[in-house]
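J.: One structure coming up, written as structure tokens, with questions to follow.
Numbering (the working numbering), first residue to last: 37 to 213.
Below is the structure:
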């Protein structure tokens, strides 16, 4: 998904970038008439959001009243972040069908597979109905990048599990309610 998929809402022009040549003469004498939104436009994010919301609503998704970046339909949840999104559902076939629906109504989507493969976040559904999000691949990558993968560089450090930390020496311990 991208800003450039949304229709442009007004005539916009931009100067021809340095280094681009034209057969018509001096590039300072010409401008480009934009036919689509581009990243960096002041209104691009708003126009893209309106376009995406209208497309999702046209196939039966409802926008959350609590978080406007969350949409749902039956047991499918769609979370959007700028111009990326994650579909959550109960089956791969169900999600593939939604992606095809969006493509069929003119919103081409690239399926990057499981979210863990795309953004490094593992999502695990727990028996109590909650989701656990963790980034083990990112953690392992950071450890490898700083050269701490060999056992000889790491040492176990004992820590008191009963020690209560305080923001200030004189403050009372944190108590969950």
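We treat Cβ as the ideally placed atom computed from N, Cα and C, and that holds for glycine.
This one's a predicted model, so the numbers in the text were calculated from it and none came from an experiment.
#1: Along the chain, where does the alpha helix (DSSP H) containing residue 51 start, and where does it finish?
#2: Quick one, which of 192, 40, 167 and 116 has its alpha-carbon nearest residue 89's?
#3: Using 10 angstroms around the beta-carbon of residue 181, count the other beta-carbons present and answer buried if the total reaches 16, otherwise exposed.
#4: Suppose contacts are defined by Cβ-Cβ distances below 7 Å. Is residue 162 in contact with residue 168 by that definition?
#5: Which partner residues of residue 69 appear in the DSSP bridge assignment?
#6: Using alpha carbons as the reference points, say which of 55, 76, 42 and 93 lies closest to residue 137.
#7: Between the stretch 68-75 and the stretch 39-50, can you find at least three pairs of beta-carbon atoms closer than 8 Å?
#8: Tell me which same chain residues have a C-beta within less than 6 Å of the C-beta of residue 126, skipping the five on either side of it?
T.: With the structure as the only source:
#1: Residue 51 -> not in any alpha helix (DSSP H); beta strand (DSSP E) instead, spanning 49-51.
#2: 116
#3: exposed
#4: yes
#5: 49
#6: Measuring from the Cα of residue 137, the nearest candidate turns out to be 93.
#7: yes
#8: Here the set comprises 111.
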